[in-house]
Amino acid sequence: MFATKKQINAISRLKSQAAFDLLRKTKTRWVAEGMAVQVIEHFCNKNESKQDSTAPAFCVVASKKTAKLGVDRNRMRRRLKAVALEILPSYAQLDKDYMIIARTKTNTRDFAALQQDLIWCLKKLDLLRRSPSSEEGTNA
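What follows is the structure, encoded as structure tokens:
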């Protein structure tokens, strides 16, 4: 249920505003009950080393439209970040950047269901790869 240090180090947060804007405008997206996922090719920054260029990056977005209270939006972000840190390193293609968008049911949905939502979105976007380790409990 918790991401290991190896999983956390295998993925990075999206830091560039230009990459974030590109992700926001992309048409490559899939919507599930607990979240929506948008994808672009990996955005290479001039300051980024070649070593980091293969690692996938992600960002989590929760707007006021999904929840009025900041407490609820922060909970959505924390839950989606935890899901992304567990699922993306093992199941997502490495040469992509991902934006995970919260929906109104993100807070009430079960954590395992959120994990399945992310795997399902990756599968529908043809970005799912099989887990290299057999330690994952979910089947995709």
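Taking this note's numbering, the leading residue of the sequence shown gets 23, the next gets one more, and so forth. All residues carry an ideal CB built from backbone N, CA and C; glycine is no exception. What you are looking at is a predicted structure, and each value in this text was computed from that prediction instead of being measured.
When the five nearest sequence neighbours on each side are left out, the beta carbons in the same chain lying within less than 8 Å of the beta carbon of T126 are those of T88, A89, in order along the chain. The Cβ atoms of L136 and G56 sit closer than 7 Å to each other.
The beta carbon of R100 sits closer than 6 Å to none of the beta carbons in its chain outside the five residues before and after it.
V61 and L45 have their C-alpha atoms roughly 6 Å apart. Taking C-beta atoms as the reference points, V105 and L140 count as a pair closer than 7 Å. Distance between W52 and A84, taken at the CA atoms: about 16 Å. When the beta-carbon positions are compared, A114 and L91 stay at least 7 Å from each other.
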